[in-house]
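Beneath this line is the structure, given in structure tokens, with notes to follow.
There are 2 protein chains.
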Amino acid sequence: MAEPKPYGEAGGSARAFDLGGYLKSRGAIVERALAGVVAESDGAATRLLEAMRYSLLAGGKRLRPILALAACEAVGGALDAALPYACAMEMIHTYSLIHDDLPCMDDDDLRRGRPTNHKVYGEALATLAGDGLLTDAFKVLARGGAQAASPAVLLETIAELAEAAGSAGMVGGQAIDLLGEGRALGLAELEVMHRRKTGALFVAAVCGGARLGGANPAQLAALREYARALGLAFQVIDDVLDVEASTEAIGKRTNKDGARGKSTYPALMGVERARELAHNLIAQATDALREFDNRAEPLRALAAYAVERKL
Amino acid sequence: MAEPKPYGEAGGSARAFDLGGYLKSRGAIVERALAGVVAESDGAATRLLEAMRYSLLAGGKRLRPILALAACEAVGGALDAALPYACAMEMIHTYSLIHDDLPCMDDDDLRRGRPTNHKVYGEALATLAGDGLLTDAFKVLARGGAQAASPAVLLETIAELAEAAGSAGMVGGQAIDLLGEGRALGLAELEVMHRRKTGALFVAAVCGGARLGGANPAQLAALREYARALGLAFQVIDDVLDVEASTEAIGKRTNKDGARGKSTYPALMGVERARELAHNLIAQATDALREFDNRAEPLRALAAYAVERKL
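In order, the protein sequences belong to chains S and A. Each residue of the first sequence is one higher than the one before, counting from 1 in our numbering. Each residue of the second sequence is one higher than the one before, counting from 1001 in our numbering.
The structure is reproduced here in structure tokens:
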């Protein structure tokens, strides 16, 4: 495999590493595994399982599970070692989307181009489908990972995931977001919110995958730095893309987040400086991988993709 | 300690074992531990933590955590070995109550004599408080239990708890309950619903506590039988008490469950036969403990309490 061009160099987007092919092959592995984690029927609560499968198998980028697999590979681990963990990540991400879309939360009707879970199954069953995916994620991880990793390693991975997804992480970030709506957050508050709401799960994806792949402490520390920077960069670019899409579509800056009174990076620092911040974060993420060999190419390419993407 | 009188014998309720004192002392241990599992503030999502603590520390019988401790003691384990697990059980039970009370579910305004979580904190934060308690439960268990048990034992406990609380257990049972409202369930369907909705967590409480206390496979099998029978007996008696309370209060049988079109044991078999069923189940539960010595007294007394209680 050719040495990658350093990040930001001319022609950096036409890198030797085929990210598209990687995303496709790892995405297919994730899809196959996800199709098996929730039963199709059980004779009594089949409608619940159907609701869980509706959202879990609705496509999406599968970014978190692919990050877990890529981190596992970056430290020389076998894909199978991280696959149950990758599934658990996506189950938790999916539950958070189902609950986020509920009328009492963001009240969204569409998700990934299809009616949201509660639009199809009703609010009560959608709430339960989210609860089921969250709970079952820990079962999949605790049972499925037991063959691949030592119990002690798996246990630490479970604790980290629960911490990242719970009140100290994602759920806490959602609460901050909820309570902050309608009032202006400063940059520091915005960063805290994002680090918890989306960043914590990015870090868990990368560190958990690496841990299950056999990472040593130095590798884990480097990958944590990588994931922290990548997660925030993703969020900054999300904000930028949201503004630009709105600008292109209707010729002025009335974007979805702005309309809801949500604080965003472009609103706080302007689009240009927000893009610059994202690029700096990605440089930081890539630099954190400097001691890794070419098995970390997928992670490097994913970092580049984070700021180059158009959606 | 005196040999307990066999179940059902005359004077059986005035047993030598002091259940009241046991519930008080173990309850106090659980309360102290629960007060420490959710932080009081974290500088950003403090309102979420407040909502979580509001419901978690609202009292209640603490039956599931006490069952976990009693099962641990029954096999000679130290209380500390099962205490994080006991906390996790109550966190999961509490989250299920918060979500159950939501307007889109049972739409209840009062719980344990206080306004329900969403009445105080709003639906969005109540949803997140439930999500936070559920997720944090696995953190508490994975981190807190690591000192007491071997990683392999703890891992099996986590898997069993997740299975009991998830789509194959409690959440599945809630979905069956939800989808069955308004139509008549047969006895077999009613049992399936209860075994999943409340029974699975009873079994997890007892078996998890025992496992962490060092139970051998034969003990685990016996305790599983005990917990299965106890869990169902509790539910049957709940139905009976619900009918009797309504009958006493307003002189005719328009009870809460009946009014909602929910199937109940008294409705399907009459109050007398329902009481008989509960007594048979408790005899079964007590018989399952026949090989245990007097360290199982708390479990035997809890079984007797299950049918003798008035609320």
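In this text, a Cβ means the ideal position worked out from N, Cα and C, and glycines have one as well.
Query raised in the report: So who's on the other strand from residue 1115 of chain A, going by DSSP bridges?
Result: For this step, residue 1115 of chain A is matched to residue 115 along the second sequence. DSSP lists A:1110 as partners of residue 1115 of chain A.
Requested in this report: Identify whether residue 1157 of chain A lies in helix, strand or coil by the three-state DSSP scheme.
Outcome: As a working mapping, residue 1157 of chain A is identified with position 157 in the second sequence. DSSP places residue 1157 of chain A in helix when its eight states are reduced to three.
Query raised in the report: Is residue 216 of chain S buried or exposed, if buried means 16 or more other CB atoms sit within 10 Å of its CB?
Result: Counting from one through the first sequence, the residue named residue 216 of chain S turns up at place 216. Per the 10 Å Cβ criterion, exposed.
Query raised in the report: Is it buried or exposed for residue 1074 of chain A, if we count other Cβ within 10 angstroms and need 16 for buried?
Result: Numbered from its first residue, the second sequence carries residue 1074 of chain A at position 74. Classification of residue 1074 of chain A: buried, given that the 10 Å Cβ count is 16 or more.
Requested in this report: Note down, in chain order, each residue of its chain lying with its Cβ closer than 6 Å to the Cβ of residue 1164 of chain A, except the 5 sequence neighbours on either side.
Outcome: Residue mapping note: residue 1164 of chain A aligns to position 164 of the second sequence, counting from 1. Within the same chain, residue 1164 of chain A has close Cβ partners 1200, 1201 and 1204.
Requested in this report: Kindly say whether residue 139 of chain S, judged by its beta-carbon, lies nearer than 8 Å to any beta-carbon of chain A.
Outcome: Within the first sequence, the letter at position 139 stands for residue 139 of chain S. It does; some Cβ of chain A falls within 8 Å.
Query raised in the report: With distances taken from CA atoms, which of S:307, S:189, S:230 and S:148 is nearest residue 268 of chain S?
Result: In the first sequence, the residue the question calls residue 268 of chain S occupies position 268. Checked all of S:307, S:189, S:230 and S:148; the closest Cα to residue 268 of chain S is S:189.
Query - Reduced DSSP category for residue 1018 of chain A - H, G, I as helix; E, B as strand; rest coil - result: Taking the first residue of the second sequence as 1, we reach residue 1018 of chain A at position 18. Coil.
Query - 4 or more residues per run - each alpha helix (DSSP H) lying fully within the region 1043-1097 of chain A - result: 1046-1056 and 1063-1074
**Report entry** From S:126, S:119, S:84 and S:82, residue whose alpha carbon lies closest to that of residue 1099 of chain A
**Finding:** Along the second sequence, one-based indexing puts residue 1099 of chain A at 99. Ranking S:126, S:119, S:84 and S:82 by Cα distance to residue 1099 of chain A puts S:126 first.
Requested in this report: Can you grab the Cα-Cα spacing for the pair residue 174 of chain S / residue 1176 of chain A, in whole Å?
Outcome: In the first sequence, the residue the question calls residue 174 of chain S occupies position 174. In the second sequence, the residue the question calls residue 1176 of chain A occupies position 176. Their Cα atoms are separated by approximately 29 Å.
Query raised in the report: Just the Cα atoms here: how many angstroms apart are residue 110 of chain S and residue 16 of chain S?
Result: Taking the first sequence and counting its residues from 1, the one referred to as residue 110 of chain S is at position 110. Taking the first sequence and counting its residues from 1, the one referred to as residue 16 of chain S is at position 16. In a straight line, the C-alpha of residue 110 of chain S is about 37 Å away from that of residue 16 of chain S.
Query raised in the report: Taking Cβ positions, are residue 357 of chain S and residue 102 of chain S nearer each other than 8 Å?
Result: As displayed, chain S neither begins before 1 nor continues past 311, which places residue 357 of chain S out of reach and without an answer.
Query raised in the report: Taking 8 Å as the CB-CB limit, is residue 1105 of chain A close to chain S?
Result: Here residue 1105 of chain A refers to the residue found at position 105 when the second sequence is read from its first residue. With 8 Å as the cut-off, residue 1105 of chain A counts as an interface residue toward chain S.
Requested in this report: Give the range of the alpha helix (DSSP H) segment to which residue 1104 of chain A is assigned.
Outcome: Mapped onto the second sequence, residue 1104 of chain A falls at position 104. Taken as a continuous stretch (DSSP letters only), residue 1104 of chain A belongs to no alpha helix (DSSP H), as it is neither H nor E.
Query raised in the report: Taking only beta-carbon atoms, is residue 1272 of chain A less than 8 Å away from chain S?
Result: By one-based count along the second sequence, residue 1272 of chain A stands at place 272. Chain S contact via Cβ: absent.
Query - residue 180 of chain S - containing alpha helix (DSSP H), residue span - result: Stepping through the first sequence from its first residue, residue 180 of chain S is reached at position 180. Start and end: 170-180.
Query raised in the report: Considering only residues of the same chain and omitting the five flanking positions on each side of residue 1225 of chain A, which have a CB-CB separation below 6 Å?
Result: The residue you call residue 1225 of chain A lines up with position 225 of the second sequence. Within the same chain, residue 1225 of chain A has close Cβ partners 1288.
Query raised in the report: How long is the line joining the alpha carbons of residue 1149 of chain A and residue 1169 of chain A, rounded to whole angstroms?
Result: Reading the second sequence from its first residue, position 149 is the one you call residue 1149 of chain A. Reading the second sequence from its first residue, position 169 is the one you call residue 1169 of chain A. Residue 1149 of chain A and residue 1169 of chain A: Cα-Cα distance of roughly 25 Å.
Query raised in the report: Is the beta carbon of residue 220 of chain S less than 8 Å from the beta carbon of residue 229 of chain S?
Result: Mapped onto the first sequence, residue 220 of chain S falls at position 220. Mapped onto the first sequence, residue 229 of chain S falls at position 229. No, these two residues do not count as a Cβ contact at 8 Å.
Report task. Return the first residue and the last residue of the alpha helix (DSSP H) that residue 1136 of chain A is part of. Result -> The residue given as residue 1136 of chain A occupies position 136 in the second sequence. Run containing residue 1136 of chain A: 1123-1144, per the alpha helix (DSSP H) assignment.
**Report entry** Among S:236, S:59 and S:186, the one whose alpha carbon lies nearest that of residue 113 of chain S
**Finding:** Here residue 113 of chain S refers to the residue found at position 113 when the first sequence is read from its first residue. The option with the nearest alpha carbon to residue 113 of chain S is S:59.
Requested in this report: Report the rounded CA-to-CA distance for residue 1152 of chain A versus residue 152 of chain S, giving the unit in angstroms.
Outcome: Translated into the one-based positions of the second sequence, residue 1152 of chain A becomes position 152. Translated into the one-based positions of the first sequence, residue 152 of chain S becomes position 152. Going from the Cα of residue 1152 of chain A to the Cα of residue 152 of chain S covers about 7 Å.
Query raised in the report: Where in the region 1184-1237 of chain A do unbroken runs of the alpha helix (DSSP H), each at least 4 residues long, occur, reported from the N-terminal end onward?
Result: 1187-1194 and 1200-1212
Requested in this report: Sort S:136, S:47, S:171 and S:104 by Cα distance to residue 1124 of chain A and report the nearest one.
Outcome: As a working mapping, residue 1124 of chain A is identified with position 124 in the second sequence. The option with the nearest alpha carbon to residue 1124 of chain A is S:104.
Report task. Note down the Cα distance separating residue 143 of chain S from residue 91 of chain S, rounded to an integer number of angstroms. Result -> Position 143 of the first sequence holds residue 143 of chain S. Position 91 of the first sequence holds residue 91 of chain S. Between residue 143 of chain S and residue 91 of chain S, the C-alpha separation is close to 15 Å.
**Report entry** Contact set for residue 55 of chain S: own chain, Cβ-Cβ below 6 Å, skip 5 residues either direction
**Finding:** Position 55 of the first sequence, counting from 1, holds the residue named residue 55 of chain S. 94, 98 and 117, listed in sequence order.
Requested in this report: Buried or exposed for residue 1239 of chain A, please, with buried defined as at least 16 other CB atoms from any protein chain shown within 10 angstroms of its CB.
Outcome: Your numbering for residue 1239 of chain A matches position 239 in the second sequence. Residue 1239 of chain A should be labelled buried.
Requested in this report: Just the C-alpha distance for residue 206 of chain S and residue 67 of chain S, rounded to the nearest angstrom, thanks.
Outcome: Counting from 1 along the first sequence, the entry for residue 206 of chain S is found at position 206. Counting from 1 along the first sequence, the entry for residue 67 of chain S is found at position 67. Roughly 6 Å between the two C-alpha positions.
Query raised in the report: Once you ignore the five residues that flank residue 1195 of chain A on each side, which residues in its own chain have a CB closer than 7 Å to its CB?
Result: As a working note, residue 1195 of chain A is residue 195 in the second sequence. Around residue 1195 of chain A: 1232.
Report task. Look at the alpha carbon of residue 1297 of chain A and the alpha carbon of residue 69 of chain S, and state the distance between them as a whole number of angstroms. Result -> For the purposes of this step, residue 1297 of chain A is taken as the residue at position 297 of the second sequence. For the purposes of this step, residue 69 of chain S is taken as the residue at position 69 of the first sequence. Looking at the two C-alpha atoms, the distance is approximately 50 Å.
Query raised in the report: Between the region 1112-1145 of chain A and chain S, which residues of the former have a C-beta closer than 9 Å to a C-beta of the latter?
Result: 1118, 1122, 1123, 1124, 1125, 1126, 1127, 1128, 1129, 1130, 1131, 1132, 1133, 1134, 1135, 1136, 1137, 1138, 1139, 1140, 1141, 1142, 1143 and 1145
Query raised in the report: The alpha helix (DSSP H) with residue 1276 of chain A in it runs from where to where?
Result: Taking the first residue of the second sequence as 1, we reach residue 1276 of chain A at position 276. Note, residue 1276 of chain A: alpha helix (DSSP H), 1271-1288.
Report task. Quick one: using the 10 Å Cβ neighbour count with 16 as the cut-off for buried, is residue 187 of chain S buried or exposed? Result -> For the purposes of this step, residue 187 of chain S is identified with residue 187 of the first sequence, where counting begins at 1. Its Cβ having fewer than 16 others within 10 Å, residue 187 of chain S is exposed.
Report task. Inspect the beta-carbon positions of residue 1048 of chain A and residue 172 of chain S and report whether they are closer than 8 Å. Result -> By 1-based counting over the second sequence, the position of residue 1048 of chain A is 48. By 1-based counting over the first sequence, the position of residue 172 of chain S is 172. Against a cut-off of 8 Å, the Cβ pair of residue 172 of chain S and residue 1048 of chain A comes out as a contact.
**Report entry** C-beta neighbour in chain S for residue 1089 of chain A, strict 8 Å
**Finding:** Counted from its first residue, the second sequence places residue 1089 of chain A at position 89. No, because no Cβ of chain S sits closer than 8 Å to the Cβ of residue 1089 of chain A.
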